[in-house]
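According to the numbering used here, the sequence shown is numbered sequentially starting from 602. We treat Cβ as the ideally placed atom computed from N, Cα and C, and that holds for glycine. Here is the structure we will look at, set down as structure tokens.
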Amino acid sequence: MVKRSKLQIDYEYDFRVVGLIAAIKEYKLAWALNKQLHWRFIKEADHVLDFKADQRLVISHFAYLREHTGFRLLKNRAVEHTGQSRPFLIPERKNYDYWLLVYGDPLPSEFTALLEDLNHINWIQYCKEEPLEDLRSKDNLII
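Given below as structure tokens:
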């Protein structure tokens with residue numbers, strides 16, 4: 602009998618995660634963030650996740666990357682999926698429409714200011730930082 606081993610990988614996450622509720626298309630949200638916060642989000646290739654048993658999620662993805670910091674905007678609901686009964690990037694947090702990944706290490710005051718700025722954008726109904734430890738599917742956020 603062949604002995605099986607399971608590979609355990611612990612990723613190092615270099616970003617913070619903000620969940621957004623915004624009932625608009627992703628390109629409009631990226632445009633609003635660009636306009637209100639003077640960012641420069643651009644559409645990137647879709648984030649594709651392949652799982653076992655021919656299951657696949659395709660997630661819309663925008664990025665604004667600077668020298669020491671950056672942001673990625675990911676839609677929580679898949680734009681395309683196969684074999685998934687729950688076509689969400691983070692299925693345990695279906696209530697969020699988008700995920701904003703904040704790269705770099707902003708000071709606490711900068712991060713608080715960012716959350717306040719996000720709350721002042723008309724199309725964003727709600728935003729909140731989600732601790733990575735609380736997300737079972739956090740590996741889906743690795744790009």
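> Between the Cα of H662 and the Cα atoms of K653, A654, V680 and H669, which residue gives the shortest distance?
Replying inline: Selected option, being the one with the closest Cα: V680.
> Can you tell which of Y699, E645, V649 and D655 has the C-alpha that lies nearest to the C-alpha of A664?
Replying inline: Closest option to A664, Cα to Cα, is E645.
> With Y697 and N720 assumed to form a contact (beta carbons below 8 Å), what rounded beta-carbon distance in angstroms separates them?
Replying inline: That pair is no contact at about 15 Å.
> K695 to N723, Cα distance in whole Å?
Replying inline: Computed Cα separation, rounded: 21 Å.
>> Count Cβ pairs between the stretch 703 to 710 and the stretch 620 to 633 that sit closer than 8 Å; are there 3 or more?
In response: No, the stretch 703 to 710 does not touch the stretch 620 to 633.
>> On the criterion of 16 or more Cβ atoms from any shown chain inside 10 Å, does F689 qualify as buried, or is it exposed?
In response: By the 10 Å Cβ count, F689 comes out buried.
> By Cβ distance below 6 Å, which residues in the same chain neighbour Q726 in space, the five residues on each side in sequence not counted?
Replying inline: Cβ contact annotation for Q726 (same chain, cutoff 6 Å, sequence separation greater than five): I622, in chain order.
> Exposed or buried, H639, counting other C-beta atoms within 10 Å across all chains shown (16 or more means buried)?
Replying inline: Only exposed fits H639, as fewer than 16 other CB atoms lie within 10 angstroms of its CB.
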